[in-house]
Structures are given as structure tokens and as C-alpha cells.
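First comes the structure, then the notes that go with it.
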Amino acid sequence: MSEKNTKLAAYAAIAAIWLVWLADLTIDIRTMFDDGFWQNMAHLAPWRVEAATFALFLFPLVSGGVYVLNKGLRRPWLCLLLVFLFSTVCIYMHSSYFYFARAAAYHASLSGAEREAVGVLLAQYQSFKNIFGALFLAGVLAVSVWLFAVVAGKTVFPRAFALLGPLTGVLLGRIIKAVSPSAAALYPVLIPSFWMALLFTVYLLYVLRHGYAGSPPSQ
4 MSEKNTKLAA YAAIAAIWLV WLADLTIDIR TMFDDGFWQN MAHLAPWRVE
54 AATFALFLFP LVSGGVYVLN KGLRRPWLCL LLVFLFSTVC IYMHSSYFYF
104 ARAAAYHASL SGAEREAVGV LLAQYQSFKN IFGALFLAGV LAVSVWLFAV
154 VAGKTVFPRA FALLGPLTGV LLGRIIKAVS PSAAALYPVL IPSFWMALLF
204 TVYLLYVLRH GYAGSPPSQ
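Residues in the sequence shown are numbered consecutively from 4, following my numbering.
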């Protein structure tokens, strides 16, 4: 890939992953793995659902960023895993929002036995979606392997970069929720997509500035 195309892919990936983060905010992603996820979808404005759904087209651009990082990470298998995660699990999750929202709104308009039957169907669909949610969390753990490689000095990136990652956000969120359950204002910076976006931004900008020459002298 030429230098011009590398820069284009990197900047496109950075823009795309921050847009994914914004898409997560539009549907209040905090409820993604809760049993009440589909009930909450019934009350969302249509534009929010559509924004979150069409974000699925951003993931090929994010995968382009993984391609740029591949040489710097020196872990081809991890990069392939991330591309697989973005191109399957993430795309499926975002494509499901529209159907969940429409079905949940329909469920809210019903009553009696028909409402109960549609509710059972949505609960079953939720259980199926949770399988993909588990795969997503496995992907977050895979990124942690990436961070261990950075700490070990086996990549071109400074060891301090290991502090960036979705697992950091998840842990901070758990701690803050335990200490101050009402700290809802911090929600936008504690969800995994924020930390993934921050990670991609810092790593890609580092590659664009320093290239793949090797570990920095400060290590």
C-alpha cells in the first residue's frame, strides 16, 4: 500500500470508529446485554435506530485501519481476528437494531395473548443476539492480548499505549458504578466503543507519524 493510501485508510478508520461510538450513544448501548434491551428499543426515535443500524457500513473502513496497524502490531493472527469480529459480529449486532425496534414498537401496541406471544418471540431473539454479544466480549478480551504484546515490547508502540483499550473502559465503568451508581454523565466515555475508538486513533496516528521502524527508544 502506498503512503497516500495508508494515510487515507488510517484517517477513514479513525473517522469511522468515532461514528460507531456516536451510533452506540444514540441507542443507549448500556442496555445492550440486559434482558430489557428490546423493551427499551420500543421507545427510541426512528432516527436513532436508523443511525445505529446504518453504522454497520462503517466497519469495512474500521477493518482498513486494522490493516494499517498489522505491521506495527506484529501479530497477524490478532489482526485477522479483529477483522473477523468487525465484519461479522459487529455488523450483525447493528443490523439487528432496526428489527428489534420495529418489533418492540409493535409489541407495545398489542394487548392480551397476542402481546404475550410476540414478547416471547422477542425474548428468544434476544437470547440469540446474546450469543453474538458473548462473541463481542471475547473480541474485547482478544484486544487485551494485543495490549499484553505492547507491554512486553513486542510491537513498535510505546508500552504506555497498553492503558488504552475497551477492557480499561469496562473496568473503570464497573468501579465507578460501584462507587457512585448515579454517575450517568460518565456513560459516554465508559462504553467499549469509546475506548476502541481512542485506541485506534492513538495507534494509527502513531504509525502515521513514526512508521514501522521499530520500538521507540523510550522503551
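No residue lacks a Cβ here, since even glycine has one placed at the ideal position from N, Cα and C. In this text, all values refer to a predicted model and were calculated from it rather than measured experimentally.
Where residue i sits in the DSSP three-state scheme
i, result
"PRO63", "helix"
"THR171", "helix"
"LYS157", "coil"
"LEU193", "coil"
"LEU47", "coil"
"SER5", "coil"
"GLY39", "coil"
"ASP27", "helix"
"TYR215", "coil"
"GLN222", "Because GLN222 carries a pLDDT of 43, less than 50, the predicted location of this residue cannot be relied on, and the following value inherits that uncertainty. Coil."
Cβ separation of residue i and residue j, assumed to be a contact under 8 Å, to the nearest whole Å
i, j, result
"ALA13", "VAL210", "7 Å"
"VAL23", "LEU76", "At roughly 20 Å, the Cβ-Cβ gap does not stay under 8 Å, so VAL23 and LEU76 are not in contact."
"LEU167", "LEU201", "6 Å"
"ALA107", "LEU125", "7 Å"
"LEU59", "TRP149", "Incorrect: roughly 23 Å between the Cβ atoms, too far for contact."
"ILE32", "VAL52", "Contact flag wrong, Cβ pair sits at about 13 Å."
"VAL92", "LEU138", "5 Å"
"ALA145", "VAL65", "The Cβ separation is near 15 Å, so there is no contact."
"ARG162", "VAL153", "6 Å"
Buried versus exposed call for residue i [16 or more other C-beta atoms within 10 Å across all chains shown]
i, result
"HIS110", "buried"
"TRP50", "exposed"
"HIS97", "buried"
"SER112", "exposed"
"ARG181", "At residue 181 the sequence reads Ala, which differs from the Arg that was named. Classification for ALA181: exposed."
"GLN129", "buried"
"MET4", "exposed"
"PHE131", "exposed"
"PRO195", "buried"
"GLY68", "buried"
"PHE89", "buried"
"GLY176", "buried"
"PRO219", "Only weak support is given to the placement of PRO219: the predicted model assigns it a pLDDT of 47, under 50, and the value that follows is read from those uncertain coordinates. Exposed."
"LEU83", "exposed"
"SER99", "buried"
"ILE2", "Any answer about residue 2 is impossible in this case: the structure gives the chain only from 4 up to 222."
Open item on the list: Please give me, in chain order, every unbroken run of the alpha helix (DSSP H) with length at least 4 that falls completely inside the stretch 63–120.
Closed with: Qualifying alpha helix (DSSP H) stretches, in chain order: 79–87, 94–111.
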